[in-house]
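Asks:
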Amino acid sequence: MSSTTANKKTYRVALLEIRDQYQTSGEPWPARARDIARWAIAKKLWSPPRELVENKATRDFADALGEEKHYDPQGRQVKTNVAAKLPYIDKHGEKQQGWFWDDIRTASKDHLLESFKQQRTQLVGGGQSLQNQVDSANDNNPNLRGRPIKMLWDLTEEIVHPARELFDGDSA
């Protein structure tokens with residue numbers, strides 16, 4: 003058994019022991035997991051592991067960074083921060099990959115190129131997934147027999163003129 007498995011088992015056993023204390027404390031039973039958690043926190047029997055707190059904070063910071071926008075001098079609303087997955091050496095000397103954020107107004111060209119390349123790859127993946135859905139619906143949905151949904155993949159008009167509505171519901 004790996005140490006990770008052992009740690010998880012030990013942690014789970016500790017949680018079940020807290021549950022046992024909850025049951026014998028006179029609190030209502032059966033109980034919701036939330037009730038047990040609130041009781042355990044109030045009694046200082048449980049506190050979040052550091053990694054859990056760091057993971058939550060990481061997600062919250064990434065969300066905030068990804069959602070921040072500003073208006074550029076030309077009046078376009080743009081995302082302020084750009085992320086790029088880049089290699090780095092961790093504190094143990096091991097090569098890792100991680101998401102690095104930078105401000106679009108001051109980021110290096112290399113950072114911007116990597117970020118934009120990765121975003122484009124995500125768009126292509128989304129397009130491939132959407133085309134698979136359209137093909138499957140066209141092939142398998144009896145409501146589309148003889149009237150398939152057609153997707154056009156030249157997005158120039160939508161990108162250059164975003165205010166125009168080009169999808170009519172029957173075909174794009």
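To convert a position in the sequence shown, counted from 1, into this note's numbering, add 2.
Beta carbons: idealized from backbone N, C-alpha and C, even for Gly.
Just so we're clear, the structure is a prediction, and the values are computed from it rather than from any experiment.
Given a cut-off of 8 Å, decide if residue 84 and residue 44 are closer than it, judged by their beta-carbon atoms.
Replies: In this structure, residue 84 does not lie closer than 8 Å to residue 44 by Cβ.
Asks: CB residue 222 to CB residue 129, shorter than 8 Å?
Replies: Any property of residue 222 remains undetermined from this structure, which presents the chain solely from 3 to 174.
Asks: Which same chain residues, not among the five before or five after residue 174, have their C-beta less than 6 Å away from its C-beta?
Replies: Low local confidence applies: a pLDDT of 44 at residue 174 is under 50, so the model's placement there is unreliable, and no value is given.
Asks: Compare the C-beta of residue 46 against all C-beta atoms of chain C and say whether one is closer than 8 Å.
Replies: Any reference to chain C falls outside this structure, which holds one protein chain only.
Asks: Expressed to the nearest angstrom, what Euclidean distance is found between the alpha-carbon atoms of residue 138 and residue 146?
Replies: If I take the Cα positions, the gap works out to 11 Å.
Asks: Please classify residue 113 as buried or exposed, where buried requires at least 16 other C-beta atoms within 10 Å of its C-beta.
Replies: Its Cβ being crowded by 16 or more others within 10 Å, residue 113 is buried.
Asks: According to the neighbour-count rule (16 or more other Cβ atoms, all chains shown, within 10 Å of its Cβ), is residue 117 buried or exposed?
Replies: Residue 117 should be labelled buried.
Asks: Which full runs of the beta strand (DSSP E) of 3+ residues lie inside the segment 135 to 161, going along the chain?
Replies: Listed in chain order, there is nothing to give.
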